[in-house]
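Chemist: What follows is a single structure, and I will ask about it in a moment.
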Amino acid sequence: MTTEPQNILLFDGVCNLCNNVVQFTIKRDRVGKFKFAALQSEAGQTLLKKFNLPKEDFDSFVLVQGDKFYLRSTAGLHVLKELGGHWRIFYILILFPSFLRDFVYTLVAKSRYKIFGRTESCMMPTPELKSRFLD
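Using this note's numbering, the first residue of the sequence shown is number 11, and each one after it goes up by one.
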């Protein structure tokens, strides 16, 4: 019997938009496919190092699936695909070249603190959700 690769979502822990994306995912991930870690956390830094990704660049959303990783818009589309249901329909956007998708992603990422704000420290999960977070 084969098991599904673990889905680990790495996010900017002090970004309000990113924290909302995590909450969105948790709410729709009823079977617990996803685990989460802030990019700034020890677990996040370990995974960034494992995949030779920059450890100071918190503008990227990262989805780790086993020995693969996805960045930016590609990561987001894979998350929607994994959530299933009607969210899978958005995966069709993968047909657009990544440089176009990531151009829009980068515009939002560069101004996310200005538009959505930021917190002083990484999000602390509730006791009920603590098992879903790596740190």
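Quick reminder that beta carbons are idealized off the backbone N, C-alpha and C, glycines included.
Note that the structure is a prediction, hence the values are computed from the model and not measured.
Do Tyr115 and Arg142 have their beta-carbon atoms positioned less than 8 Å apart in this structure?
Modeler: no
Chemist: Between the alpha carbons of Phe46 and Cys25, how many angstroms are there, rounded?
Modeler: 14 Å
Chemist: Buried or exposed for Asp22, going by 16 or more other Cβ atoms inside 10 Å?
Modeler: buried
Chemist: Which complete alpha helix (DSSP H) runs does the segment 60–128 hold, if anything under 4 residues is left out?
Modeler: Contiguous alpha helix (DSSP H) elements confined to the segment 60–128 occur at 82–93, 108–126, taking only those with 4 or more residues.
Chemist: Are the beta-carbon atoms of Phe126 and Leu27 separated by less than 8 Å?
Modeler: yes
Chemist: Give the range of the beta strand (DSSP E) segment to which Lys45 is assigned.
Modeler: 44–48
Chemist: If you draw a straight line from the C-alpha of Thr12 to the C-alpha of Phe113, how long is it?
Modeler: Because the pLDDT at Thr12 is just 45, under 50, the model does not fix this residue reliably, and the point stays unresolved.
Chemist: Following the continuous alpha helix (DSSP H) through Leu19, name the residue where it begins and the one where it ends.
Modeler: Where Leu19 is concerned, there is no enclosing alpha helix (DSSP H), although the beta strand (DSSP E) it sits in stretches over 17–21.
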